[in-house]
Amino acid sequence: VITMDDLDLEGLRVLIREDLNVPVKDGKVTSDARIKAAIPTLQRALEGGAKVMVMSHLGRPEEGVYDAQFSLQPVVDYLNDALSVPVRLVKDYLDGVDVAAGEVVVFENVRFNEGEKKNDDALAQQLAALCDVFVMDAFGTAHRAQASTHGVAKYADVACAGPLLAAELDALGKALANPARPLVAIVGGSKVSTKLTVLDALSGVVDQLIVGGGIANTFIAAAGHNVGKSLYEADLTDEAQRLVQAAQAKGGDIPVPTDVVTGKEFSATAVAQTKAVDAIAADDMVFDIGPDTAATFAKILQNAGTIVWNGPVGVFEFDQFGAGTEALANAIANSSAFSIAGGGDTLAAIDKYGIADKISYISTGGGAFLEFLEGKQLPAVAILEERAENG
Ligand code: 3PG
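Numbering (full-length UniProt numbering), first residue to last: 4 to 394.
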């Protein structure tokens with residue numbers, strides 16, 4: 004694909020799609036990772052002399068109506084503090100917008116536009132007409148074929164990838180396409196069902212697949228252990244067995260925890276008990292991997308050449324069930340492997356254990372990160388490739 008750095012932007016109207024879909028509370032941004040990741044792109048466009056316009060979605064508002072709760076104003080306030088140039092929000096932009104070099108104009112939430120989600124052609128053409136160059140930089144939304152990600156890229160005079168999108172694709176490609184081995188993936192989270200495709204795809208390429216959370220419970224049950232009252236999916240134990248066999252057939256493995264930390268109720272004050280995996284009581288719920296398992300997994304991570312991390316291995320928001328996730332976080336931090344992490348809960352764990360600067364690459368993608376791991380083509384990237392080939 005063509006990247007923004009390949010182009011001379013001087014004097015051009017440049018429309019940049021970012022993923023500024025960040026959590027907001029009481030009018031303030033509560034997690035700024037995605038904004039911080041986008042800022043260098045905006046700065047580069049400004050330095051290149053472009054007339055900079057930025058667009059993003061925020062949340063999932065109803066289309067066709069303005070809803071203040073989903074306004075990008077808090078993001079604009081943040082950008083005004085972070086950038087040395089004025090940043091202003093415009094609500095009405097589809098019929099044209101005046102923008103000068105040396106300022107940043109942010110379009111109000113693109114999901115207020117009728118037709119955004121169904122990738123309406125007329126809307127995409129309107130967006131395309133606003134710019135000379137369209138820069139797709141929203142990796143976090145690249146799995147959505149919508150008017151502001153895919154349609155506009157189809158119709159803009161020039162469409163290119165922004166530096167953040169390019170960096171994401173580069174890092175993820177490095178981790179999966181031609182990884183330094185052993186390649187170890189950690190997939191945590193509550194349900195096998197929501198991560199089945201990613202487990203499927205990864206079990207075929209990784210050397211070790213570490214599962215955690217509710218997902219691990221299904222694997223524990225599949226191995227023939229009682230999981231008590233734990234969250235698990237009885238109907239997917241066959242699937243779990245199949246995944247283990249598939250991994251082993253390729254010389255890899257999906258190791259099942261040998262010990263676990265349990266509680267009697269899901270609460271911040273639940274009492275934690277460590278037990279062997281074959282000693283889970285009928286009224287127990289598994290909330291974390293045990294210390295022996297954590298040590299085994301940490302050793303696997305220590306010897307890894309590449310680590311891909313999506314999802315915590317325990318209920319780490321409760322400290323008594325956080326030791327497993329913390330141990331793995333530290334093992335990743337101390338390993339010399341190329342490590343890549345993505346997903347909201349994973350980023351929260353990285354923050355909690357203060358290891359952000361020890362991870363080689365932290366993705367801004369949630370759903371997009373998963374779809375990439377699944378080996379799916381991201382439509383907003385595919386259209387850039389198409390444009391690069393056919394002009
Ligand atoms: C995300 O947070 O994963 C992206 O911003 C995409 O948001 P969506 O799932 O609402 O399309």
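Even glycine gets a Cβ: it sits at the ideal position worked out from N, Cα and C.
message = Per the DSSP calculation, M58 is bridged to which residue(s)?
response = R20, per the DSSP bridge assignment.
Beta carbon of F290 nearer than 7 Å to that of G325 = No, they are not a contact pair.
task = Please classify F137: does DSSP put it in a helix, a strand, or coil?
result = Three-state result, F137: strand.
query = Between L212 and A250, is the Cβ-Cβ spacing less than 7 Å?
reply = Taking the C-beta atoms as reference points, A250 is found nearer than 7 Å to L212.
ask   = Per DSSP, which one or two residues make a beta bridge with L212?
value = In DSSP, L212 forms a bridge with A188.
message = Helix, strand or coil, according to DSSP, for I365 in the structure here?
response = In the displayed model, I365 falls within a strand according to three-state DSSP.
query = Under the rule that 16 or more other beta-carbon atoms within 10 Å means buried, what is P89, buried or exposed?
reply = Note on P89: under 16 other CB atoms within 10 angstroms of its CB, so exposed under the neighbour-count rule.
ask   = What's the gap between the Cα of F375 and the Cα of T144?
value = When rounded, the distance between both Cα atoms is 12 Å.
ask   = With 16 as the cutoff for other CB atoms within 10 Å, does S366 come out buried or exposed?
value = S366 should be labelled buried.
query = Got a list of residues with beta-carbon closer than 6 Å to any non-hydrogen atom of ligand 1, in chain order?
reply = This criterion selects D22, N24, R63, G143, T144, R147, G369 and G370.
request  = Thinking N122 and A148 are a contact (beta carbons under 8 Å), I'd like their distance in whole angstroms, please.
outcome  = Between N122 and A148 the beta-carbon gap is near 5 Å, inside 8 Å, which marks them as a contact.
ask   = Taking the C-alpha atoms as reference points, what is the distance between R37 and R20?
value = Computed Cα separation, rounded: 12 Å.
request  = With DSSP collapsed to three states, give me the class of F290.
outcome  = It is a strand residue.
message = Using C-beta distances below 7 Å, list every residue in its chain close to T152, excluding the 5 sequence neighbours before and after it, in chain order.
response = Result list for T152: R20, M139, A141, T144, A145 and A383, in chain order.
Start and end residues, beta strand (DSSP E) containing I310 = For I310, the enclosing beta strand (DSSP E) begins and ends at T309 to N313.
request  = Give the secondary structure of I42 by DSSP, where H, G and I count as helix, E and B as strand, and everything else as coil.
outcome  = Residue state for I42 is assigned as helix, using DSSP reduced to three classes.
ask   = If we count the other Cβ atoms within 10 Å of its Cβ and call it buried at 16 or more, is L246 buried or exposed?
value = That one is buried.
task = Whole angstroms is fine: what's the gap from Q380's alpha carbon to F372's?
result = Looking at the two C-alpha atoms, the distance is approximately 11 Å.
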